[in-house]
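Q: Below you'll find the structure I mean.
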């Protein structure tokens, strides 16, 4: 598992496959002995559950304002913390009902 926190791991603009790999390592979903080269296809080829999982997490983090995403599909930690008490502007994740009314 990574010793640094996600803000440090994703401090700079990072391509989506590297961001997914780093997130997977941070979460402990990718074992330390699996290098990026052996995992890269999991993020580029449809159908790999791990790639789907980290993509959904990254996109959820963008939607929550925790990460920024640019037009080159790169991610980085948002240096301006999001307002955690501000609800989404009507767009819920996967059609889930709100946690509170």
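In full-length UniProt numbering, the protein residues as written are 1 to 101. In this text, a Cβ means the ideal position worked out from N, Cα and C, and glycines have one as well. Keep in mind that this is a model prediction, so the values were computed, not measured.
1. With distances taken between CB atoms, is the gap from residue 75 to residue 50 smaller than 9 Å?
2. Using the three-state DSSP reduction, which class does residue 15 fall into: helix, strand or coil?
3. Which residues bound the beta strand (DSSP E) around residue 67?
4. Can you list, in chain order, the residues of its chain with a C-beta nearer than 6 Å to that of residue 54? Leave out the 5 residues immediately preceding and following it.
5. Between which two residues does the alpha helix (DSSP H) containing residue 63 stretch?
6. Could you tell me which of 69, 31, 38, 27 sits nearest to residue 79, measuring between CA atoms?
7. How many Å lie between residue 127 and residue 48 at the Cα?
A: Quick look at the numbers:
1. Mapped onto the chain shown, residue 75 falls at position 75. Mapped onto the chain shown, residue 50 falls at position 50. Contact: no.
2. For the purposes of this step, residue 15 is taken as residue 15 along the chain shown, with counting starting at 1. DSSP places residue 15 in strand when its eight states are reduced to three.
3. By one-based count along the chain shown, residue 67 stands at place 67. It spans 67-69 - the beta strand (DSSP E) in which residue 67 sits, taken as one unbroken run.
4. Walking along the chain shown from the start, residue 54 turns up at place 54. So the list reads 20, 23, 24, once near-sequence residues are dropped.
5. On the chain shown, residue 63 is found 63 positions in, with the first residue counted as 1. First-last of the alpha helix (DSSP H) with residue 63: 49-63.
6. Position 79 of the chain shown holds residue 79. Here the closest residue by C-alpha is 69.
7. Past the boundaries of the shown model lies residue 127; the chain is included only from 1 to 101, so the question cannot be answered.
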